[in-house]
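Data block below; observations after.
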Amino acid sequence: MPIAWIRTILPSTPFARGVSLLAGGTAGSQALLMLAAPLLTRLYTPDLFGLLAVYTSLLGMFLSVSTLCYEEAIVLPECDRDAANIAALCMSITVIVVVLCSVVLHSANQFIARELDAGRLVRYLWLLPLGLLLAGFTQIMSLWAMRHKQFSLVAQSRMVQTVITLTLQLGAYRLAVLALLLGHTLGQAASLLTLNSGIRRRSRIRGISLSGMRQAAWRYRNFPYFSTLSNLLDTGGRELPTILFAMLFSPGAAGLYALANRVLAMPMTVLGSAIAHVLLANAPQAHRDGELGSMVAIVYGRLSHIAMPAVLALMMVAPDLFALVFGQEWREAGLLAQCMAPWLYMRFVASPLSTLIPALEKQREGLVFYAAVFALRIIAIVIGGLSNSLTMAVVLLSLASVLSWGAYLIWITGQIGNSIRNLAWTSLSSLGWGLLCIAPLIANKLYLNHDGTWMVALLMTGLLISLRIYYLLRQIY
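Residue 10 is where the sequence shown starts when you use the numbering used here, and the numbers rise one by one after that.
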């Protein structure tokens with residue numbers, strides 16, 4: 010299929026076009042992951058998935074501070090030379106953080122083996138600094154590409170990463186946890202090589218100097234002062250549950266939670282993160298032009314109407330659906346997903362808007378928000394751990410997250426001059442449409458409730474949700 014033809018069917022507006030390219034590439038990679046997931050869950054036990062989840066959570070924690078958040082400033086300067094110096098500064102900081110990460114991991118080996126019941130993971134922790142270097146550079150190069158509107162390159166890099174990761178994890182499954190970790194690391198390497206190749210051809214980073222890096226570090230000093238801790242708290246709030254579940258319960262419990270979280274995070278990964286990155290790239294100019302409020306209102310409305318039907322459907326059938334797709338061993342993961350569904354909705358509609366914090370240079374307020382979210386999530390998990398119930402811990406975690414993201418939506422709405430009443434009306438409207446879309450599931454639950462009929466009802470609901478999303482996307486494009 011010629012590239013020129015593909016470009017003719019993409020939306021004409023820069024924002025929607027960017028979202029389409031990023032979301033399309035990400036959707037392709039996520040579709041591959043989901044197609045492979047039923048195989049992976051039958052090749053690897055919840056314990057092994059739990060070890061991978063602990064590894065990726067540790068990686069995510071280090072990655073959140075790998076550039077001191079200077080990478081968020083790459084899209085902000087009008088001059089490419091200034092942006093290039095920010096990118097070079099980010100790479101330098103990443104190398105330093107990788108060295109520090111190696112020292113920390115060497116010192117914490119025994120703690121990880123003992124407290125997380127992850128002795129099998131310790132022998133492979135040498136992969137983590139390498140993975141951090143690759144992920145940090147990939148993050149920097151992705152933002153540089155997005156600054157130059159190379160959204161298709163970013164999408165391509167994600168697809169390459171997924172293909173390499175799955176090839177190794179499926180082909181080398183006899184290596185157990187090592188196959189999972191190697192697949193993850195080499196997939197990151199492939200993604201970075203793809204980005205580097207595309208950037209060298211079209212938007213090479215030029216004009217770097219030590220004085221330019223020093224000036225960039227001073228000009229955007231609020232990012233490390235406030236955003237680094239905010240980012241660490243935000244990432245900690247997302248990644249620490251996996252680590253704490255391994256500590257309080259078992260690696261198997263962490264694996265069940267990780268699968269539920271992975272499935273629920275897919276819409277966020279496919280569309281939400283694409284919108285977040287494109288919003289970050291466009292928000293500074295929209296703010297200067299006085300158009301940010303209307304842009305955010307439209308984005309929130311579309312996200313709310315897209316997410317609500319799927320969330321309601323998951324709340325009704327998640328345990329049966331997980332058992333059918335991933336195997337009976339993973340039914341409990343479906344129960345956890347059922348509890349996490351409201352959190353999914355709030356994260357899907359609100360998390361993309363968190364990129365407005367650096368765009369509006371509200372890092373101080375963002376720090377307060379992420380500190381409160383972090384504290385609420387940790388308290389929720391600890392209370393659940395004291396009750397010795399994984400389900401209770403997840404319910405409390407979901408409730409804390411819903412309240413946190415709701416508070417953020419109210420705050421950011423006020424910051425950009427939008428009406429909270431309009432926000433509430435949009436949410437109620439999406440709830441009404443969502444209930445209509447899941448009418449077959451509701452009818453089956455109330456009047457039939459047989460083992461064989463829920464799948465028919467789910468298929469009918471899936472068709473209605475697809476038609477609804479198609480209608481919404483037609484409005485955008």
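Cβ coordinates follow ideal geometry from the N, Cα and C atoms, glycine included.
Do you know how far the Cα of I208 is from the Cα of A13?
Because A13 carries a pLDDT of 41, less than 50, the predicted location of this residue cannot be relied on, and the following value inherits that uncertainty. If you take the alpha carbons of A13 and I208, they lie about 20 Å apart.
From which residue to which residue does the alpha helix (DSSP H) around V382 run?
372–395
Rounded C-alpha distance that separates I95 from V104:
Just so you know, the alpha carbons of I95 and V104 end up roughly 15 Å apart.
Taking the alpha helix (DSSP H) that R156 belongs to, which residues open and close that run?
136–156
Go to I447, then tell me how far its alpha helix (DSSP H) extends in each direction, as first and last residue.
First-last for I447: undefined, no H or E at that position.
Please name the residue in F71, G443, M401, A380 whose C-alpha comes closest to that of Y417.
Closest option to Y417, judged by alpha-carbon separation, among F71, G443, M401, A380: A380.
If we require 4 or more residues per run, which alpha helix (DSSP H) segments fall completely within the region 207–264?
Every alpha helix (DSSP H) stretch that sits fully inside the region 207–264 and reaches 4 residues is listed by chain position as 219–228, 237–257.
Is the Cβ-Cβ distance between L134 and L114 less than 8 Å?
Going by C-beta atoms, L134 is nearer than 8 Å to L114.
Beta-carbon proximity check, V320 vs P351, cutoff 8 Å
yes
So, for A45: in the same chain, excluding its five sequence neighbours on each side, which residues have a beta-carbon less than 6 Å away from its beta-carbon?
L175
Three-state secondary structure (DSSP) of S360:
S360: helix per DSSP, three-state reduction.
C-alpha gap between H314 and L130, whole angstroms:
Cα to Cα, the separation comes out at about 41 Å.
Does the Cβ of R167 lie closer than 7 Å to at least one heavy atom of the ligand GDP?
Although the ligand GDP was asked about, the structure shown includes no ligands whatsoever.
Would DSSP call Q424 helix, strand or coil?
helix
With DSSP collapsed to three states, give me the class of Y133.
DSSP places Y133 in coil when its eight states are reduced to three.
Look up V74 in the DSSP assignment and say whether it is helix, strand or coil.
coil
How long is the line joining the alpha carbons of F120 and L67, rounded to whole angstroms?
When rounded, the separation of the alpha-carbon atoms in F120 and L67 is 13 Å.
Three-state secondary structure assigned by DSSP to T435:
helix
Nearest CA to the CA of Y309: which residue from T422, L184, R223?
T422
Along the chain, where does the alpha helix (DSSP H) containing V334 start, and where does it finish?
Unbroken alpha helix (DSSP H) run through V334: 301–335.
Should V84 and R167 be called a contact, given that it needs their Cβ atoms to be closer than 8 Å?
no
Once the 5 residues before and after T470 are set aside, which same chain residues still bring their CB inside 6 Å of it?
A322, I447, P449, L450
Less than 6 Å between C-beta atoms, sequence neighbours within five positions excluded: which residues of the same chain meet that for G196?
Q170, I173, T174
Check for me: the alpha helix (DSSP H) holding L179 runs from which residue to which?
160–180
L445 vs V326 beta-carbon contact at 8 Å
no
Quick one: any contact between the region 250–260 and the region 39–53, if contact means 3 or more CB pairs under 8 Å?
no
Spatial distance of A452 from L437 (CA atoms):
21 Å
How would you call T17, buried or exposed, if buried means at least 16 neighbouring beta carbons within 10 angstroms?
Because T17 carries a pLDDT of 42, less than 50, the predicted location of this residue cannot be relied on, and the following value inherits that uncertainty. So T17 counts as exposed.
Out of A181, G461, A226, G443, which one is the CA nearest neighbour of L473?
G443
Quick one: using the 10 Å Cβ neighbour count with 16 as the cut-off for buried, is Y64 buried or exposed?
By the 10 Å Cβ count, Y64 comes out buried.
Using 8 Å as the threshold, is the C-beta distance between A97 and M222 below it?
Yes, the Cβ-Cβ distance between A97 and M222 is below 8 Å.
Alpha-carbon spacing of R430 relative to Y480, whole angstroms
Straight-line spacing of the CA atoms in R430 and Y480 works out to 25 Å.
Less than 8 Å between the C-beta atoms of V358 and L312, yes or no?
yes
Pair every Cβ in the region 223–230 with every Cβ in the region 182–192, then say whether three or more of these pairs are closer than 8 Å.
no
Would you identify the three-state DSSP class for L19, choosing helix, strand or coil?
Low confidence applies to L19: its pLDDT is 45, below 50, so where it sits in the model is not reliable, and the reading given next is rough at best. Here L19 sits in coil by DSSP.
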